[in-house]
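Throughout the sequence shown, residue numbering follows my numbering, covering 9 to 260 in sequence.
Notes to accompany the following structure.
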Amino acid sequence: MRISVLLEFFSLATASFAQSSPALLPKVSLINSQIPSQCSPGKSIGVSIDAGNITTSLSEMQFQTTGHGRTGAYANCDFRVELNSWNYKYRVAISGATIRGGSSLSDGVEIYQLNTTAVFRLEHLKNLSPITPPEVTNLSMSAMLAELTPTEIGGTPNFDQEFEVTTKPLSPADLVWSPCFQGSEGSGQDSTYFEFHVSASTSDKTGQGTAKLASGLTVDWNLAWEECTPDMSSMYGWGDQRIDDWRSCTYR
9 MRISVLLEFF SLATASFAQS SPALLPKVSL INSQIPSQCS PGKSIGVSID
59 AGNITTSLSE MQFQTTGHGR TGAYANCDFR VELNSWNYKY RVAISGATIR
109 GGSSLSDGVE IYQLNTTAVF RLEHLKNLSP ITPPEVTNLS MSAMLAELTP
159 TEIGGTPNFD QEFEVTTKPL SPADLVWSPC FQGSEGSGQD STYFEFHVSA
209 STSDKTGQGT AKLASGLTVD WNLAWEECTP DMSSMYGWGD QRIDDWRSCT
259 YR
């Protein structure tokens with residue numbers, strides 16, 4: 009049996025996202041994790057891409073207590089996915105997310121909150137041609153999705169089921185778009201990444217319960233696409249956060 013939670017789905021927003029996707033979808037070139045014990049590249053992080061979603065499978069996410077004497081538990085994964093081969097004259101946004109998993113909860117333990125955050129990141133090498141040491145890179149970032157979703161999964165004497173939770177989709181006006189792609193990202197002076205944060209929090213009112221994820225969590229990050237006109241100045245001025253000369257490397 010699967011428990012499903014759908015939060016205020018707006019059909020108008022969905023219709024607005026139904027634009028044509030590009031002929032060429034990006035490819036994953038690198039995955040890094042900040043928490044290898046919860047999600048390890050090459051072992052327990054799977055990433056697949058289709059026109060509608062980036063799907064991330066985090067098979068080893070597991071609940072852990074958050075401190076001595078605390079009864080709640082927390083499972084989280086912070087990881088970065090480098091993507092290249094973006095289609096020329098398109099830009100992308102994330103409009104929402106669906107989180108799926110299976111859990112075993114005892115003695116009234118409840119999963120009360122899920123967190124799905126996605127940040128798009130552009131790194132621009134300023135002095136590619138010719139490269140004059142040191143290599144200097146600018147960094148630009150924007151959060152495309154940051155959803156704390158309240159849930160009521162479990163809370164019974166014993167809960168052993170699959171669940172699926174869908175966040176409230178962003179309206180078209182609230183979408184945060186990437187820069188318009190040149191088509192050369194990943195092979196020249198521009199590198200692009202998604203930074204993902206996924207977490208689940210439990211409460212244990214009795215202090216005697218247990219919480220376990222059967223096979224981690226899987227998240228479908230819903231994609232929106234839009235055709236656009238590339239412009240270098242707009243691309244390198246993009247981002248809610250920008251750090252010029254963010255990194256400097258000298259080779260000896």
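Beta carbons: idealized from backbone N, C-alpha and C, even for Gly.
Query - Nearest-angstrom Cβ-Cβ length linking residue 112 and residue 220, presumed shorter than 8 Å - result: 5 Å
Query raised in the report: Beta carbon of residue 251, beta carbon of residue 156: below 8 Å?
Result: no
Query raised in the report: Based on the DSSP output, what are the partners of residue 98 in its beta bridges?
Result: 235
Query raised in the report: Is it a yes or a no for the region 77-97 touching the region 164-181, going by three-plus beta-carbon pairs under 8 Å?
Result: The region 77-97, when compared against the region 164-181, does not touch it at the 8 Å Cβ threshold.
Query raised in the report: Under 8 Å, do residue 116 and residue 164 count as touching if we go by C-beta distance?
Result: yes
**Report entry** Host beta strand (DSSP E) of residue 152 (start-end)
**Finding:** 143-162
Requested in this report: Kindly list the residues whose CB is nearer than 6 Å to the CB of residue 205, restricted to its own chain and excluding five residues on each side of it in sequence; keep chain order.
Outcome: 86, 125
Requested in this report: Name the one or two DSSP bridge partners that residue 62 has.
Outcome: 57, 229
**Report entry** Distance, residue 133 Cα to residue 104 Cα
**Finding:** 31 Å
Query - For residue 242, the three-state DSSP class (helix, strand or coil) - result: helix
**Report entry** Spatial neighbours of residue 57 in its chain, beta-carbon cut-off 6 Å, leaving aside the 5 residues before and after
**Finding:** Result list for residue 57: 33, in chain order.
Query raised in the report: Is it right to say residue 46 is buried, meaning 16 or more other beta carbons lie within 10 angstroms of its own, or is it exposed?
Result: buried
Query raised in the report: Nearest to residue 231 by alpha carbon, out of 108, 183, 200?
Result: 183
Report task. Identify every residue that forms a DSSP beta bridge with residue 36. Result -> For residue 36, which the question treats as bridged, DSSP gives the partners 91.
Query raised in the report: In chain order, what residues of the same chain have a beta carbon less than 6 Å from the beta carbon of residue 108, not counting five sequence neighbours either side?
Result: Counting only Cβ-Cβ distances below 6 Å, and skipping sequence neighbours, we find 172, 226.
Query raised in the report: By a C-beta neighbour count over all protein chains shown, 10 Å radius and 16 as the cutoff for buried, is residue 5 buried or exposed?
Result: An answer regarding residue 5 cannot be provided, because it is not within the stretch 9 to 260 covered by the chain.
**Report entry** Collapsed DSSP secondary structure at residue 181 in the structure displayed
**Finding:** helix
Query raised in the report: Does the beta-carbon distance from residue 92 to residue 195 come in below 8 Å?
Result: yes
Query raised in the report: Are residue 130 and residue 224 touching if we call contact CB-CB under 8 Å?
Result: no
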